[in-house]
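Contents: one structure, followed by commentary.
Number of protein chains: 2
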Amino acid sequence: MSTEKVVIIGSGPAGLTGAIYAARAALKPLVFEGFNAGGLIPGGQLMFTTEVENYPGFPEGLSGPKMMKAFRDQAERFGTRYLREDVTEVDFSRRPFVIKSDEHTVETHTVIIATGARANWLNLENEQRLAKSGGGVSACAVCDGAMPVYRNQELVVIGGGDSAIEEGSYLTKFAGKVHIVHRRDQLRASKAMQERFFKLVDEGKMEPIWNTVVTDVLGDASITGVRLKNVKTGEQRDFACKGLFLAIGHTPNTELFKDHLDTDEKGYIKLARPGRTYTSVEGVFAAGDVADHTYRQAVTAAGTGCMAALDAERWLAEKGIE
Amino acid sequence: MSTEKVVIIGSGPAGLTGAIYAARAALKPLVFEGFNAGGLIPGGQLMFTTEVENYPGFPEGLSGPKMMKAFRDQAERFGTRYLREDVTEVDFSRRPFVIKSDEHTVETHTVIIATGARANWLNLENEQRLAKSGGGVSACAVCDGAMPVYRNQELVVIGGGDSAIEEGSYLTKFAGKVHIVHRRDQLRASKAMQERFFKLVDEGKMEPIWNTVVTDVLGDASITGVRLKNVKTGEQRDFACKGLFLAIGHTPNTELFKDHLDTDEKGYIKLARPGRTYTSVEGVFAAGDVADHTYRQAVTAAGTGCMAALDAERWLAEKGIE
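Dropping the structure here:
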């Protein structure tokens, strides 16, 4: 068994940009692309995105899968190798580190973790179908909110925390009205966010639907409404809307790593140096949404993937590992 | 005079990605693209780059100018407005802020500074000509070092600090030998870098040329060598090489802002919160090389441009500025 210089776990924008940079630095990175752990597939969250309009360089936009194929081809061109397998176990307590899948055991001097995060969904069948087909269901207002289909329409946001108000207020720039569906009768959001919320309600741009959950998503080619259930009275009703945005949080894909390096209270990997990609274990770097609960964009993930590869390259050079 | 929500100063990958995101958030950003202050032109440093192979999404590579045109078109598509003018003065002491060019005076609630940094050059005529034509002269080993033209060739790096050794050792992956030309008889680099240097010298991959400066760059279509002058003896000689890499530092384009916000000892803008783009002045954000002396890549600049736009958008929303 030969020892790898860089193993990258994950194949979204962060992992594949890390691969492009590591490959160009002649480190011959090995990428565990994933197979379907946690419902994720090679290419990451963008594989479920029909149209990417905000990744810079593509004025006409392009589909998520097409974009990820371009990233993958580019990394491959410079010598990246791929394993279409899920990592099942890591050992960062010994050096070289050990990375295992069902089929392979690999030793490596450095690791870039780029396993991303997954949006939390209701996991209703029609919600999932419409989210994947671009039918008006999304877990990212910043990604999708500017699309013409939402202009001046009634939109529903599910959630009651800061991100629900943040995503909702972003949508008020475009929507007719944004309806916040929350299972309690008050927000969990911070004071500043609450103020923002009540101001938008005063202006007629936002409206709460308290004590309520969504029990079904309606619509065939695209969403036509949601079925609501009042959790106090049990009463159900259908509510017409042209867009549904989930804002009930994200879960970072860090189950594999939790016992091996520092994570925060939400499970995100903690970075050890400001503005860098070092983790609490020397030689292990993190990039993309797995360490970012703020921005979560393809281009920010790609940026940190590049940083992780350069950090790994410099770390290897410092240690004299050729 | 109406007050802008977001003014962006600079039009490289950071500024234009900020514009894409701000425009999609319906903030109608106004971009001062620059004209030629400090030798920079609209589009930034990439306008001098013949071939970009490491910006993710373009497996076959593309030219710097073509890439920046795509960024610009994309931002324009969503409502960005451009002024092809240099900013001559800013006032961050009053709100709204004031931004002036020779032709315009603009008030704005937020500013994104994305004026970049410029590599330091020798400013020899043939050096500049070959750098712009892709003739084997570069100020970025990570960007250009992997090109086939440098494989197994004699390369020259000018400089004696950490970055000279870092760039040089990156090049040893590809080069026949890397010659470090330094005007003194010892490195200014850190202890770790010195060790790396002497190890590479021992291995025959690197070689110092002490007490020496480059007085001319030779070659027509591409570089064939450099003229060296020993600063102690005054003796001149020609030295054959296939690539010349400048590693004598960068200068951030912060002359305009120095008296208005915190910068570090090298003039880079200091960021006020780890992992965010806030500066020491609330409502002023910084993105790209102007606040980055570590990575300096197109994709990292683009990533922070996106972050700055999202930070500005959230800041405006928090302040209730619609």
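As given, the protein sequences belong to chains A and B, one line each in that order. Going by our numbering, the first residue of the first sequence is number 1, and it counts up by one from there. Going by our numbering, the first residue of the second sequence is number 1001, and it counts up by one from there. Where a beta carbon is used, it is the ideal one built from N, C-alpha and C, also for glycine. These numbers come from a predicted model, not from an experiment.
### Query
With 16 as the cutoff for other CB atoms within 10 Å, does A/Lys5 come out buried or exposed?
That one is buried.
### Query
Since B/Leu1155 sits in a beta bridge, which residues does DSSP pair it with?
Answer by DSSP bridge pairing, in chain order: B/Val1178 and B/Gly1243.
### Query
A/Gln297 versus chain B: which residues are under 9 Å apart at the beta carbon?
Within 9 Å Cβ-Cβ: Tyr1021, Gly1303, Cys1306, Met1307 and Leu1310.
### Query
Expressed to the nearest angstrom, what Euclidean distance is found between the alpha-carbon atoms of A/Arg314 and A/Glu282?
Looking at the two C-alpha atoms, the distance is approximately 12 Å.
### Task
Output yes or no for whether 8 Å exceeds the beta carbon distance between A/Pro13 and A/Phe71.
Yes.
### Query
Of the residues that make up the stretch 1045 to 1064 of chain B, which ones have a beta carbon closer than 9 Å to any beta carbon in chain A?
Cβ contacts with chain A come from Glu1053, Asn1054, Tyr1055, Pro1056, Gly1057, Phe1058, Pro1059, Glu1060, Gly1061 and Leu1062.
### Message
Restricting to Cα atoms, I'd like to know which of A/Leu261, A/Met68 and A/Arg118 is closest to A/Val52.
### Response
Nearest of A/Leu261, A/Met68 and A/Arg118 to A/Val52, Cα basis: A/Met68.
#### Entry: Contacts that B/Glu1166 makes with chain A (C-beta to C-beta distance below 8 Å)
By Cβ distance, chain A contributes Arg314 and Ala317.
#### Entry: Any chain B beta carbon closer than 8 Å to A/Gly275
So, interface residue.
### Task
Using a threshold of 8 Å, state whether the C-beta atoms of A/Gly135 and A/Gly219 are closer than that.
Contact: yes.
### Task
Alpha carbon to alpha carbon, how far is A/Lys100 from A/Val87? Give it in angstroms, no decimals.
Looking at the two C-alpha atoms, the distance is approximately 6 Å.
### Task
Mind checking who B/Lys1319 pairs with in its DSSP beta bridge?
Note: B/Lys1319 sits in no beta bridge, so no partner.
### Query
Roughly how many angstroms lie between the CA atoms of A/Ala309 and A/Val214, to the nearest whole one?
The straight-line gap from Cα to Cα measures roughly 42 Å.
### Proximal residues of chain B, C-beta to C-beta of A/Arg77 below 7 Å
Pro1059, listed in chain order.
### Message
In the DSSP assignment, the alpha helix (DSSP H) including A/Ala119 goes from what residue to what residue?
### Response
Note, A/Ala119: premise wrong, no alpha helix (DSSP H); beta strand (DSSP E) at Ala117 to Ala119.
### Query
Of all Cβ atoms in chain A, is any one closer than 8 Å to the Cβ of B/Val1142?
B/Val1142 has a beta carbon lying within less than 8 Å of a beta carbon in chain A.
### Task
Alpha carbon to alpha carbon, how far is A/Ala312 from B/Ile1112? Give it in angstroms, no decimals.
Approximately 30 Å between the Cα atoms of the pair.
### Query
From the beta carbon of B/Phe1071, is the nearest beta carbon of chain D less than 8 Å away?
Within the model displayed, chain D is absent; protein chains A and B are what it includes.
### Closest Cα partner of B/Ala1075 within the set A/Asn54, A/Glu89, A/Phe78 and A/Arg183
The residue with the shortest Cα to Cα distance from B/Ala1075 is A/Asn54.
### Message
Give me the chain B residues within the contact set of A/Ala192, using Cβ-Cβ distance strictly less than 9 Å, ordered along the chain.
### Response
Under the 9 Å cutoff, chain B gives Glu1318.
### Task
Under 8 Å by Cβ, that's how I've got B/Gly1057 and A/Phe58 pegged, so tell me the actual separation to the nearest angstrom.
Contact check for B/Gly1057 and A/Phe58: beta-carbon distance about 7 Å, within the 8 Å limit, so the pair qualifies.
### Message
I want to know whether the stretch 202 to 209 of chain A touches the stretch 161 to 179 of chain A - three or more CB-CB distances under 8 Å.
### Response
Touching, yes, given that three or more Cβ pairs across the two stretches are closer than 8 Å.
### Message
Which residue marks the beginning of the beta strand (DSSP E) containing B/Phe1097, and which one marks its end?
### Response
For B/Phe1097, the enclosing beta strand (DSSP E) covers residues Phe1097 to Ser1101.
### Rounded C-alpha distance that separates A/Arg324 from A/Lys229
What is shown of chain A runs 1 to 322, which leaves residue 324 of chain A out entirely.
### Task
Report yes or no: is there a C-beta of chain B within less than 8 Å of the C-beta of A/Tyr170?
The C-beta of A/Tyr170 comes closer than 8 Å to at least one C-beta of chain B.
### Query
Should A/Gly243 and A/Ile223 be called a contact, given that it needs their Cβ atoms to be closer than 8 Å?
In contact: A/Gly243 and A/Ile223 (Cβ atoms closer than 8 Å).
### Residues bridged to A/His104 [DSSP beta-bridge criterion]
A/His104 is not bridged to any residue.
### Task
Return no unless some Cβ of chain A is closer than 8 Å to the Cβ of B/Lys1199.
Yes, its Cβ sits closer than 8 Å to a Cβ of chain A.
### Query
Which chain A residues sit within Cβ distance under 8 Å of B/Lys1173?
Identification of chain A residues near B/Lys1173 by a Cβ-Cβ cut-off of 8 Å yields Ala25 and Ala26, ordered along the chain.
### Task
With distances taken Cα to Cα, identify the nearest neighbour of A/Thr263 among A/Lys191, A/Phe285 and A/Phe245.
Answer by Cα proximity: A/Phe285.
### Query
How would you call B/Thr1254, buried or exposed, if buried means at least 16 neighbouring beta carbons within 10 angstroms?
Buried is the call here.
### Rounded separation between B/Lys1199 and B/Lys1132 - CA only
The straight-line gap from Cα to Cα measures roughly 34 Å.
### Query
What three-state label does DSSP hand A/Ala189 in the structure shown?
The three-state reading of DSSP puts A/Ala189 in coil, since its state is none of H, G, I, E or B.
#### Entry: Close beta carbons around B/Val1299, own chain, < 7 Å, minus the five adjacent residues each side
Contacts found: Tyr1055 and Pro1056.
### Query
A/Leu155 CB to nearest chain B CB: under 8 Å?
Output row for A/Leu155: interface = no.
### Message
My parser needs the beta strand (DSSP E) runs of 3 or more residues fully inside the stretch 1009 to 1073 of chain B; what are they?
### Response
Qualifying beta strand (DSSP E) stretches, in chain order: 1030 to 1032.
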